[in-house]
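A quick write-up on the structure given underneath.
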Amino acid sequence: MKQEIAMNFYVKRLANGRFGIYKGQVLLATIGCSQTCQVIVQMLQARQCANADFTSWDLERSRDSIKQFEQVS
1 MKQEIAMNFY
11 VKRLANGRFG
21 IYKGQVLLAT
31 IGCSQTCQVI
41 VQMLQARQCA
51 NADFTSWDLE
61 RSRDSIKQFE
71 QVS
């Protein structure tokens, strides 16, 4: 079942100099390169248009996986 999901992604520079990817008020990821950050946001928005089944739960799960990877590294 397809449903319309309004996701407002944006990029904001953080106090530590990195760039954050946000959905609403939630920080999803931080990236060191602003261009990479913009590309990721564009891909997320394109995926939203192409696949309405994509949910914020998928983003939360991805964010948790990245945190686990960062803790191991």
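Residue 73, in the UniProt record's numbering, is where the sequence shown stops; the numbers in between run on with no holes. Every residue gets a Cβ at the ideal spot worked out from N, C-alpha and C, and that includes glycine.
Per the C-alpha coordinates, the member of L44, V11, Q38, V39 positioned closest to L27 is V11. The C-beta distance from F19 to C37 rounds to 4 Å, short enough to fall under 8 Å. Pairing A29 with K23, the inter-Cα distance amounts to about 10 Å.
Bounds of any beta strand (DSSP E) do not take in L14, whose DSSP letter is neither H nor E.
Take the alpha-carbon of G17 and the one of R47: they are about 28 Å apart.
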